[in-house]
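One line per chain: the protein sequences are Z and Y, in this order.
Every letter in the first sequence is one number past the one before it in my numbering, and letter 69, counting from 1, is 91.
Every letter in the second sequence is one number past the one before it in my numbering, and letter 77, counting from 1, is 757.
What follows is a set of notes on a single structure, which appears directly below.
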Amino acid sequence: MAISFSSHSFAQTLSVKLADSDGNDLADVVIELFGPENVSLENIETNDVEIDQVDKEFVPGITLITAGSRIRFPNSDDILHHVYSFSSVKTFDTPLYGMADESQPAVSFDMPGVVEIGCNIHDWMLAYIYVGESDKMAISDDSGVATIQNLQAGDYRLKVWHSRLSADENTMTQSITISETQDTEVSLSLELIRDRRIRRAPSANRKRYR
Amino acid sequence: MKFSLSFRSFRVRLIVFLLALLTPVLGGIFYYVNANNTEYTEETINSYLELGADVFDYTREQQATTLQAITSSLTWDFGFRTAFAASDPATLFDAALNVMDRSLDSADMLMITDLDFRVIVDTETQGFDILEDSWLSLLEEADASEEGRSETIVTISEMPFQLIALPMYLPRQVAWIIGGFALDDDFVEQVKETTVSEISILKVENNTTPEMIVSTLPRTQQPLLETQIDFNFSPSNQLQRINYDGEEFTSLVRPLYGTGSDPLQIFAVIQRSYDENNENVVQFQELLVRFYFGILIASLLAVLLLARSITKPVSKLAHAVKKIEQGDYGQTVEINSKDEIGDLADSVNSMAKGLAEKEKVRDLLGKVVSHQIAEELLSNPVELGGEERTATILFSDIQGFTSYCENKSPKEVLGALNEVLSKISDIIEAKQGVVDKFNGDAVMALFGVPIKGQHDTSNAIEAALEIELALKQADGRLNACIGINTGLVVAGNLGSNNRLNYSVIGDTVNLSARLEGLTRLYHVNTIVSESSKNAAPEFAYQELDEVCVAGKSESVRIFELIASQEDVTPERLEEAKKFELALHLYREQKWNEAESLLFELQESGRNSPLCQIFLDRVSQFKETPPTDNWKGVFVFNSK
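Structure below.
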């Protein structure tokens, strides 16, 4: 019933405008929609991606995958990296490896949640892997807008995550209704905590550019 | 009395003057230098202490930085990260101890808390799960800061610990890690080595008395610091002086933890010995004092020498002048200097010479002229001219001197004359008379000039009596012929400008000389004029005649000087009366009565030559009676 009801209205778009409490556009915010009809994890497409390491930074800084997806961590730098995660969602670490080393197996992320990865050599290297359990996810661009298309009208639960979001697990959820007739636009103001990060080791920079 | 006497000495005055001059100057220098030195010392100590405090802070910060390095490297340790991720406190505790071990004593304690400040690991095992008080505020401060770093000082088991708090990343912050090192003996000794200052750390709990935690001070001095130090002050870098059994320490207080109202306050006290720093100043002070006395002694010696160089010739001069004052003109002062004293000595010598010459002149003058005239000449300006004075003039001649000189050589004559004249001269001077001049055996003497006396005429007459006696005693052949007259004379310096003679002139003088001449005629020793007789009535006289001398129109009554009233005999007075009666009859032109009386007198023998004179005149007048206007005056037409 629900399927037939919604079959002809699969054309709505949700765009969420995200800003911090000062009104600044907020990029790298993950939105995830649940409902009205839940899709079981087994039926969600996995997407194998790569997180590259370029100039001693993870690229990209945030990666959206669905549970069950696998990620490879190629090394584009001419030095070795040691990728690790102590996140409960997925704890792993690679041995030190370099650019030519293609034998690194892809790491599969089976549980939904956020995984923080780092490099044991370069303390400032930090990337987030958002392992979603929904097929409707998006990440906000530089203008602070995250868009999910092809939505059928109905009541949804919107989950919002940001690495500095001042909330438990950096996550907040709220209900949202997608209109039948028009695109839905939502503006959200997020309260952030301080961005405390490890600075790049200055000696490394100096050596590099000398 | 003695002091005032000695104070009058030139030397003492010079010394007092020098002291009065030198003492304020040297004292002023001393005060100024001393004040500056003391200020300098205090500034030096203060700057040393400030430096000490800075070193203390620096050392603490260096330690903290080291601690931070060690603590933050802990978070890089993959084994530690793994252990942390494993959430096994026992393993983490061992890992923490392992890090402390590797820190080479830079870290004395480690604590790890989760982001909700729950204690995961505490190497000091203080037994609290949730942080409180200063620990909590340390982390809250770190959480609020940009870098997530903060530090503080706490006491753990009575020992102050410098704490530093840092976030632990995995790779995001998952915990707080707190490192601490003890501000213990090792620490204060280390600071002392760098600053050469005593370092103490004290705490004050609930505003009670300060309590020593650690100190580089000897144990005996620590309680003294506890009792003397005052933490209730402002501003915080106030300097205090602490006394350790006589040795002063300048102390700088640096608060380490807590402020005025906090229950726990920790202070660092940095101290330096004031006396030790002041040692140079004290030495310099001693040097100054020695310098002061050196200058003083040198100046005193110089003053004594100077005073001596002045007082010695001066007292020499004074001695000589005193001798000169006493009449010893032979003094010469030998001073070989070209200064004012030398000039003065020359002047004194010249003065003595001048005085000696003057005295010589006075002496000579006394010999040439009479003493009184000499005085008159010396005391008044010597100039021509004179004044009219009343004086008694005495002319004396020696009758019979020619026969006395028979069979004598000229030299013997002169000797004899001088002898007689000396006697006469002595008599005259003894009677305050003045020998005016000698003329052969004749003497002219003045009484009443130049110095007027009370009994000038009486003196002259007494002199005459003595001369008469003296000549008679000298030789029976010698007889005095004396004329005395009193009246106005002109007295003064007679002569030319170059050659003067103090003398008297006038009719009185002339008459006196005439009277002397008349003695031979009347055969008497001394003839006195009426004016002289009247001026000296105390003697016995016998009137001789009334005469008109040559060149004079007025007549004078003349008298023979008999003797003093005491010496005269009644017979002689009777005789004189009879003669004066005969003279009276003669003047009355009672020739016969006069003649008979004169004969009677002649019979008695005493006045026979004189009676013969008048008997001759009477017989002459009997033949040729005098003119009608004859009054009994005998006129002499030749001198």
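Backbone N, C-alpha and C fix where the C-beta goes; we use that ideal spot for every residue, glycine too.
What you are looking at is a predicted structure, and each value in this text was computed from that prediction instead of being measured.
For residue j and residue i, believed in contact at Cβ under 8 Å, the rounded distance
| i | j | result |
| --- | --- | --- |
| G1163 of chain Y | F1075 of chain Y | 5 Å |
| L816 of chain Y | S830 of chain Y | Incorrect: roughly 11 Å between the Cβ atoms, too far for contact. |
| G732 of chain Y | S877 of chain Y | 4 Å |
| K883 of chain Y | L944 of chain Y | 7 Å |
| T1137 of chain Y | L1168 of chain Y | Not confirmed; about 13 Å, so no contact. |
| V71 of chain Z | S109 of chain Z | 17 Å between Cβ atoms; not a contact. |
| A1140 of chain Y | T1082 of chain Y | Incorrect: roughly 26 Å between the Cβ atoms, too far for contact. |
| S98 of chain Z | M121 of chain Z | 6 Å |
| T930 of chain Y | L784 of chain Y | 35 Å between Cβ atoms; not a contact. |
| I881 of chain Y | P851 of chain Y | I881 of chain Y to P851 of chain Y, Cβ: 39 Å. No contact. |
Cutoff 8 Å; reference residue i; Cβ partners in own chain excluding five residues on either side
| i | result |
| --- | --- |
| L694 of chain Y | V983, L986 and A987 |
| A787 of chain Y | L747, I750, T751, V779, M780, G859, G860 and F861 |
| F1301 of chain Y | Q1269 and W1271 |
| R179 of chain Z | L55, F56, G57, T195, Q196, S197 and I198 |
| A1096 of chain Y | Y1084, C1085 and K1088 |
| T113 of chain Z | S107 |
| K872 of chain Y | E878, I879 and T896 |
| D217 of chain Z | R186 |
| F1294 of chain Y | A1262, L1263, Y1266, A1274 and L1278 |
| E928 of chain Y | R921, I922, S953, Y954 and D955 |
Close beta carbons around residue i, own chain, < 7 Å, minus the five adjacent residues each side
| i | result |
| --- | --- |
| Q1011 of chain Y | A1000, K1003, I1004 and A1032 |
| I662 of chain Y | No answer is possible for residue 662 of chain Y: the residues shown for chain Y start at 681 and end at 1319. |
| I800 of chain Y | P769, L772, I792, T793, D794 and A855 |
| F808 of chain Y | V799 |
| Q902 of chain Y | M892 and S895 |
| T1307 of chain Y | none |
Buried versus exposed, by CB contacts within 10 Å (16 or more), residue i
| i | result |
| --- | --- |
| E1211 of chain Y | According to the sequence as given, residue 1211 of chain Y is Ser; it is not Glu. Classification for S1211 of chain Y: buried. |
| D970 of chain Y | The residue asked about is misnamed: residue 970 of chain Y is Arg in this sequence, not Asp. Classification of R970 of chain Y: exposed, given that the 10 Å Cβ count is below 16. |
| F973 of chain Y | exposed |
| Y231 of chain Z | Note that Y231 of chain Z has pLDDT 38, beneath the 50 cutoff, so the model's placement of it is unreliable and the number below is only indicative. Counting Cβ neighbours within 10 Å, Y231 of chain Z comes out exposed, since fewer than 16 surround it. |
| N958 of chain Y | buried |
| R899 of chain Y | exposed |
| T709 of chain Y | The sequence given here has Ile at residue 709 of chain Y, not Thr. So I709 of chain Y ends up on the exposed side. |
| S1030 of chain Y | exposed |
| L168 of chain Z | Inspection of the sequence shows that residue 168 of chain Z is occupied by Ala rather than by Leu. Label assigned to A168 of chain Z: buried. |
| G1034 of chain Y | exposed |
| Y712 of chain Y | exposed |
| R952 of chain Y | buried |
| D44 of chain Z | exposed |
| E155 of chain Z | buried |
| I53 of chain Z | buried |
| S1299 of chain Y | exposed |
| F697 of chain Y | exposed |
| N1322 of chain Y | This structure cannot settle anything about residue 1322 of chain Y, because the visible part of chain Y is limited to 681 through 1319. |
Cut-off 6 Å between Cβ atoms - residues of its own chain near residue i, not counting five sequence neighbours on either side
| i | result |
| --- | --- |
| D802 of chain Y | M791 |
| E838 of chain Y | none |
| V868 of chain Y | I879, V894 and T896 |
| G1066 of chain Y | V1170, A1171 and G1172 |
| V1208 of chain Y | I1164, F1239 and L1241 |
| I1205 of chain Y | According to the sequence as given, residue 1205 of chain Y is Asn; it is not Ile. Taken in chain order, the residues that qualify are E1148 and A1160. |
- Task: Please list the segments of the alpha helix (DSSP H) lying wholly inside the stretch 914 to 959 of chain Y, counting only runs of 4 or more residues, in order along the chain.
- Result: 954 to 957
- Tell me the start and end of each unbroken beta strand (DSSP E) in the stretch 825 to 858 of chain Y that is at least 3 residues and wholly inside, in chain order. 830 to 836 and 839 to 849
- In chain order, each alpha helix (DSSP H) run of at least 4 residues that lies wholly inside the stretch 91 to 143 of chain Z: none
- Spell out a yes or no on whether the stretch 116 to 125 of chain Z and the stretch 58 to 67 of chain Z are touching, meaning 3 or more CB-CB pairs, one atom from each, closer than 8 Å. no
- Does the pairing of the stretch 1217 to 1226 of chain Y with the stretch 1252 to 1263 of chain Y give three or more beta-carbon distances under 8 Å? yes
- Task: Enumerate, from N- to C-terminal direction, the unbroken beta strand (DSSP E) stretches of 3 or more residues contained entirely within the stretch 751 to 834 of chain Y.
- Result: You should have 789 to 794 and 799 to 802.
- Query: Counting pairs of Cβ atoms below 8 Å between the stretch 755 to 774 of chain Y and the stretch 709 to 723 of chain Y, do you hit three or more?
  - Reply: no
- Starting from the N-terminal side, write out each stretch of the beta strand (DSSP E) that is 3 residues or longer and does not extend beyond the stretch 148 to 183 of chain Z. 148 to 154, 159 to 161, 167 to 173 and 176 to 183
- Query: Fully enclosed by the stretch 1244 to 1274 of chain Y, which beta strand (DSSP E) runs are 3 residues long or longer?
  - Reply: none
- Message: Between the stretch 1039 to 1046 of chain Y and the stretch 1111 to 1126 of chain Y, can you find at least three pairs of beta-carbon atoms closer than 8 Å?
- Response: Look at the beta carbons and you see the stretch 1111 to 1126 of chain Y not touching the stretch 1039 to 1046 of chain Y: under three pairs across the two are nearer than 8 Å.
- Query: Can at least three beta-carbon pairs, one atom from the stretch 1189 to 1204 of chain Y and one from the stretch 1228 to 1236 of chain Y, be found at a separation below 8 Å?
  - Reply: A contact between stretches requires three or more CB pairs, one per stretch, nearer than 8 Å, and the stretch 1189 to 1204 of chain Y meets this requirement with the stretch 1228 to 1236 of chain Y.
- Return the chain-ordered ranges of every beta strand (DSSP E) run that is complete within the stretch 688 to 725 of chain Y and spans a minimum of 3 residues. none
- Query: Should the stretch 197 to 211 of chain Z be regarded as contacting the stretch 31 to 43 of chain Z, the criterion being three or more beta carbon pairs within less than 8 Å?
  - Reply: yes
- Query: Does the stretch 135 to 155 of chain Z come close enough to the stretch 75 to 87 of chain Z to have 3 or more Cβ pairs within less than 8 Å?
  - Reply: Yes, the stretch 135 to 155 of chain Z touches the stretch 75 to 87 of chain Z.
- Query: If you scan the stretch 1130 to 1194 of chain Y from start to end, which runs of the beta strand (DSSP E) of 3 or more residues do you find wholly inside it?
  - Reply: 1159 to 1175 and 1180 to 1185
- Message: At 3 residues or longer, what runs of the beta strand (DSSP E) sit wholly inside the stretch 854 to 898 of chain Y?
- Response: 878 to 885 and 891 to 895
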